[in-house]
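Trainee: All letters in the sequence shown, in the order written, are residues 1 to 474 by full-length UniProt numbering. Next up is a structure, given as structure tokens.
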Amino acid sequence: MAPDIPSNQPEGMLSFSLLAHPPTQLAPRLGRLCRVGRKPILTPGYVPITSRGVLPHVTHDNIKEHMSIGSLYIALEDFIERSSLKEIPPIYNVPTDKSESALRKFLSFDDDYLLFLGPRRIPPVATAGSNSVDSVTILTSVGYQQLQVEQYHEAIKTLKPDIAIGIADVLDRRPGMKRREKMVDRTHDWTQSAIDVLYKPADTSNRLTGTSFFAPILPLEKELQTLYSRDLAEEMNDSVAGFALWDPSTIEMIPQSMWNLPRLSLGEPSTPQDVLKGVSLGLDLSAISFIGTASDAGLALDFVFPLSTSQSNDSTSSPNPLAIDMLLPAHSTDTSPLVSDCQCYTCKTYHRAYLRHLLNAKEMLAWTLLQIHNHATMDRFFAAIRTSIENGTFEEGVKTFERTYKSDFPEPSGQGPRMRGYQFKTGPGEKRNPKVFGRLDGVAEKLLESQSSVVTPDAEAEELEARGFAEKTQ
């Protein structure tokens, strides 16, 4: 194995060492991401995604006891929950010492975890308005708002995450040529502004320490970002600790002098095959949203990265599914673990029939157990990837994986937990959540029918008395 190739970062900041340096930039590579007081992260790896500051369905104690997580991605828009500009979100009012992280203290995470802070969720919800010259549109719990670039930079200084991801002008649709030029110009200016405000202030005593900065790389052609790339290498190289990308193919835009810095993908890989493609191009870390999506859908991930051709499926048989739908009736009496050879807490403690019962009853424990299993599956997946890169069998393993497994996840047969307003864009079309009220409609109809069959008088009391039906009481 090649000797470690460290990145040029100040002592006490983020440290990234390449354990095996590839001959070209677009090739799989092994690395170790470290920071004093945090768990070291072996790369290629993944960054779990939080929602409103927590890993969905999993409490802090369960993360610590039953999961092997070393990092977390946190979105600032999850905490901008005040519609009035005069009201300060609670996350900014956390009392801290000078060396403490307000973000870590507010979320009550241990020092073991490496915290990434970005402006938007992954995947981001499409917004109604477009970005402006000095702001991006975000979706908060009180509606759409504009996040000013200066406001985001101040949030980084206040919250002090381990790694701050630079704000970028990224769209949820394919931009035209003029819009692409604007995207590059704005992102270039915003990144330079972040470097100046955070790491090169006029008063050196205000320089941000303890937080590393990942510069954004836009999902655009290399030719459009030539000037931006040159300035990254010549003017910002001493302050940039890594790169955040939305398209793995744009890795080639990274200046050659900065190849030894870590690369984080904020794109949306929809399958393990997409993850493997990113790794083959040289990605070090990936924020993978399909883990939580599968858990919500009641899917238990069931795939491994083959370390040899003997692990592959018979070429004459059909490809295996990437996940198991735990809501299928076939699991109602199945007392086997979710995946036979899985050693996660869920598979060692519970069985398929119990998990199907929990999903049918919509018990919160169901999604907790699925999250634990699905994250453990990804841990084994990336561990096997790293082993194959070290052994020089990665490309062969990718081909075997593509032959062994289907290219898409199975269609879920059930309804997951209720969707919240900050998780999707509202509009015309099918409702995301089933109707929960009005369940007594059938009972009300039967009540009306029963009332119509009862003989009721059609006259007043005086008229009935005159007819001799009854005597009116005083």
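Ideal placement from N, C-alpha and C gives every residue a C-beta, glycine not left out.
For LEU42, which option in LEU283, ASP247, ARG403 has the closest C-alpha, if you only look at C-alpha atoms?
Mentor: Position 42 of the sequence shown, counting from 1, holds the residue named residue 42. For LEU42, the nearest C-alpha among the options comes from LEU283.
Trainee: In this structure, does DSSP put PRO248 in helix, strand or coil?
Mentor: By one-based count along the sequence shown, residue 248 stands at place 248. Residue state, collapsed to three classes: helix.
Trainee: With a cut-off of 8 Å on the beta carbons, I'd call SER212 and ILE163 a contact; round off their distance for me.
Mentor: The residue labelled residue 212 in the question sits at position 212 within the sequence shown. The residue labelled residue 163 in the question sits at position 163 within the sequence shown. Right, the Cβ-Cβ distance comes to about 5 Å (below 8 Å), so this counts as a contact.
Trainee: With a threshold of 16 other CB atoms inside 10 Å of the CB of ASP61, please say whether the residue is buried or exposed.
Mentor: Within the sequence shown, the letter at position 61 stands for residue 61. Classification for ASP61: exposed.
Trainee: Spell out whether any CB of chain C is found under 7 Å from the CB atom of TYR354.
Mentor: Any reference to chain C falls outside this structure, which holds one protein chain only.
Trainee: Between PRO289 and the rest of its own chain, which residues show a CB-CB distance below 7 Å, the 5 nearest in sequence each way excluded?
Mentor: In the sequence shown, residue 289 corresponds to position 289, counting from 1. The question names Pro, but residue 289 is Ser in the sequence shown. Closer than 7 Å at Cβ, skipping near neighbours: ILE49, ILE122, PRO123, GLU268.
Trainee: Thinking C-alpha only, which one of THR96, ALA168, LEU103 is nearest ASN131?
Mentor: Residue mapping note: residue 131 aligns to position 131 of the sequence shown, counting from 1. Minimum Cα distance to ASN131 is reached at ALA168.
Trainee: Around the C-beta of PRO28, are 16 or more other C-beta atoms found within 10 angstroms, so that it is buried, or is it exposed?
Mentor: Taking the sequence shown and counting its residues from 1, the one referred to as residue 28 is at position 28. Label assigned to PRO28: buried.
Trainee: By a C-beta neighbour count over all protein chains shown, 10 Å radius and 16 as the cutoff for buried, is ASP110 buried or exposed?
Mentor: To locate residue 110, count along the sequence shown from 1; it is residue 110. The residue is exposed, with fewer than 16 neighbouring Cβ atoms inside 10 Å.
Trainee: Exposed or buried, what is GLY143 when buried is set at 16 or more other beta-carbons lying within 10 Å of its beta-carbon?
Mentor: Walking along the sequence shown from the start, residue 143 turns up at place 143. GLY143 should be labelled exposed.
Trainee: Do you know how far the Cα of MET378 is from the Cα of SER141?
Mentor: Here residue 141 is taken as the residue at index 141 of the sequence shown, counted from 1. Here residue 378 is taken as the residue at index 378 of the sequence shown, counted from 1. Using only the alpha carbons, I get a separation of about 30 Å.
Trainee: Among VAL240, ILE63, ARG52, THR158, which residue has its Cα nearest to the Cα of PRO95?
Mentor: Here residue 95 is taken as the residue at index 95 of the sequence shown, counted from 1. It is THR158 whose Cα lies nearest to the Cα of PRO95.
Trainee: In three-state terms, what does DSSP make of GLY416?
Mentor: Counting from one through the sequence shown, the residue named residue 416 turns up at place 416. Three-state DSSP puts GLY416 in coil, outside helix and strand.
Trainee: I need the straight-line Cα distance from SER257 to LEU227, nearest angstrom please.
Mentor: Taking the sequence shown and counting its residues from 1, one reaches residue 257 at position 257. Taking the sequence shown and counting its residues from 1, one reaches residue 227 at position 227. Take the alpha-carbon of SER257 and the one of LEU227: they are about 15 Å apart.
Trainee: Return the CA-CA distance between SER286 and LEU198, expressed in angstroms with no decimal places.
Mentor: In the sequence shown, the residue the question calls residue 286 occupies position 286. In the sequence shown, the residue the question calls residue 198 occupies position 198. So the two alpha carbons sit approximately 25 Å from each other.
Trainee: Which residues bound the beta strand (DSSP E) around CYS34?
Mentor: As a first step, residue 34 is located in the sequence shown; it is residue number 34 there, counting from the start. Its beta strand (DSSP E) spans residues 30–34.
Trainee: Along the beta strand (DSSP E) that carries LEU117, what are the first and last residues, could you check?
Mentor: Taking the sequence shown and counting its residues from 1, the one referred to as residue 117 is at position 117. Note, LEU117: beta strand (DSSP E), 114–118.
Trainee: Determine the closest residue to CYS347 out of MET67, GLY242, THR59, GLY37, with distance taken between C-alpha atoms.
Mentor: If you number the sequence shown from 1, residue 347 lands on position 347. Closest by alpha carbon: MET67.
Trainee: According to DSSP, simplified to helix, strand and coil, what is ASN93?
Mentor: By 1-based counting over the sequence shown, the position of residue 93 is 93. Reduced to three states, the DSSP call for ASN93 is helix.
Trainee: Within 10 Å of its beta-carbon, does ALA126 have 16 or more other beta-carbons around it, so buried, or fewer, so exposed?
Mentor: Position 126 of the sequence shown, counted from the start, is the residue given in the question as residue 126. Flag for ALA126 reads exposed.
Trainee: Relative to the C-alpha of GLY70, which residue among ASP112, ALA155, ARG32, LEU103 is closest?
Mentor: Along the sequence shown, read from residue 1 onward, the residue named residue 70 stands at position 70. It is ASP112.
Trainee: Grab the span of the alpha helix (DSSP H) containing VAL54 for me, first residue to last.
Mentor: As a working mapping, residue 54 is identified with position 54 in the sequence shown. Careful: VAL54 lies outside any alpha helix (DSSP H) and carries neither H nor E.
Trainee: Excluding five sequence neighbours on each side, which residues of the same chain lie with their C-beta closer than 7 Å to the C-beta of VAL275?
Mentor: Mapped onto the sequence shown, residue 275 falls at position 275. Only PRO269, SER286, ILE288 meet the Cβ criterion.
Trainee: Could you check which residue in LEU117, PRO90, ASP97 has the C-alpha nearest to that of SER51?
Mentor: The sequence position of residue 51 within the sequence shown is 51, counting from 1. It is LEU117 whose Cα lies nearest to the Cα of SER51.
Trainee: Look up residue 485 in the DSSP assignment and say whether it is helix, strand or coil.
Mentor: The question about residue 485 has no answer, for the chain in this structure spans 1 to 474.
Trainee: Helix, strand or coil for GLY80? Go by DSSP, reduced to three states.
Mentor: Locating residue 80 in the sequence shown gives position 80, where the first residue counts as 1. The identity of residue 80 in the sequence shown is Ile, whereas the question assumes Gly. Three-state result, ILE80: coil.
Trainee: Let me know the beta strand (DSSP E) ranges lying completely inside the region 129–191, each 3 residues or longer, listed in chain order.
Mentor: For the region 129–191, whole beta strand (DSSP E) runs of length 3 or above, ordered along the chain, are 135–140, 143–148, 163–165.
Trainee: What's the gap between the Cα of PRO119 and the Cα of THR137?
Mentor: Translated into positions along the sequence shown, residue 119 becomes position 119. Translated into positions along the sequence shown, residue 137 becomes position 137. Taking the straight line joining both Cα atoms gives about 10 Å.
Trainee: With DSSP collapsed to three states, give me the class of GLY37.
Mentor: On the sequence shown, residue 37 is found 37 positions in, with the first residue counted as 1. Coil, per DSSP.
Trainee: Sort out for me which residues DSSP pairs SER286 with in a bridge.
Mentor: The count along the sequence shown starts at 1 and reaches residue 286 at position 286. Paired residue(s): TYR46, SER265.
Trainee: Buried or exposed, going by whether 16 or more other CB atoms sit within 10 Å of the CB of ASN374?
Mentor: In the sequence shown, counting from the first residue as 1, residue 374 sits at position 374. Classification of ASN374: buried, given that the 10 Å Cβ count is 16 or more.
Trainee: I'd like to know if the region 245–260 and the region 146–158 are in contact, where contact means that at least 3 CB-CB pairs between them fall below 8 Å.
Mentor: Taking a cut-off of 8 Å on C-beta distances, the region 245–260 does not touch the region 146–158, as fewer than three cross pairs fall below it.
Trainee: Can you tell me whether LYS222 is buried or exposed, with buried defined as 16 or more other CB within 10 angstroms of its CB?
Mentor: The residue labelled residue 222 in the question sits at position 222 within the sequence shown. Under this definition LYS222 is an exposed residue.
Trainee: Which residue comes first and which comes last in the alpha helix (DSSP H) that contains ALA27?
Mentor: Translated into the one-based positions of the sequence shown, residue 27 becomes position 27. Counting along the chain, ALA27 falls outside any alpha helix (DSSP H), and DSSP gives it neither H nor E.
Trainee: Less than 6 Å between C-beta atoms, sequence neighbours within five positions excluded: which residues of the same chain meet that for TYR73?
Mentor: Locating residue 73 in the sequence shown gives position 73, counting from the first residue. The residues are VAL47, ILE49, PHE116, ALA287.
Trainee: Quick check: the Cα distance between PHE305 and LEU224, rounded to an integer number of angstroms?
Mentor: By one-based count along the sequence shown, residue 305 stands at place 305. By one-based count along the sequence shown, residue 224 stands at place 224. Those two C-alpha atoms are separated by around 36 Å.
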